[in-house]
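In the numbering used here, the protein residues as written are 506 to 598.
C-beta atoms are modelled at their ideal positions from N, C-alpha and C, and glycine is treated no differently.
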Amino acid sequence: MRKVTLVFSFLFILVGILIRVMSNTIEVLMPKIGYAVFQLAHAGSFTPDTYQIDLSANHGWSTFCIFAGIAGVLSQIFESQLRSFIQKNMKKQ
Numbered sequence: 506m507r508k509v510t511l512v513f514s515f516l517f518i519l520v521g522i523l524i525r526v527m528s529n530t531i532e533v534l535m536p537k538i539g540y541a542v543f544q545l546a547h548a549g550s551f552t553p554d555t556y557q558i559d560l561s562a563n564h565g566w567s568t569f570c571i572f573a574g575i576a577g578v579l580s581q582i583f584e585s586q587l588r589s590f591i592q593k594n595m596k597k598q
């Protein structure tokens, strides 16, 4: 069961990193794509603020996933250390 928790913790960290990378990529690319569309349409005036996307929720979810994954990994590490500490003390008695 410990291995399953560890695997899911690492997957959670990976998902958080992927969400963050995709969000940052979209935030950078959207104004450039908007400028290209503006050049094709020749309509109005171009402002990069028009093509800005608010992805703060994605950043929040990615941070949550990363921290939850780190908490899962740390809990597994501390659990194994606590287990070995208890076993050593039981043998001494």
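Neighbour-count burial assignment, residue i, 16 or more Cβ in a 10 Å radius
i: residue 550; result: exposed
i: residue 582; result: exposed
i: residue 589; result: exposed
Nearest-angstrom beta carbon gap, residue j and residue i [assumed within contact, 8 Å]
i: residue 560; j: residue 528; result: 4 Å
i: residue 577; j: residue 510; result: 6 Å
i: residue 571; j: residue 522; result: 7 Å
i: residue 595; j: residue 558; result: About 57 Å separates the two Cβ atoms, so there is no contact after all.
i: residue 567; j: residue 525; result: 4 Å
i: residue 555; j: residue 539; result: 6 Å
Own chain residues within Cβ distance below 6 Å of residue i, not counting five before or after
i: residue 520; result: 570
i: residue 518; result: 571, 574
i: residue 514; result: 574, 577, 578
Proximal residues to residue i (C-beta, below 8 Å), its chain only, five neighbours per side dropped
i: residue 516; result: 574
i: residue 508; result: none
i: residue 553; result: 536, 539, 540
i: residue 532; result: 557, 558, 560
Chain-order list of residues whose beta-carbon lies under 7 Å from that of residue i (same chain, five-residue window excluded)
i: residue 563; result: 524, 528
Kindly provide the ranges of any beta strand (DSSP E) runs that are 3 or more residues long and lie completely inside the stretch 565 to 598, ordered along the chain. none
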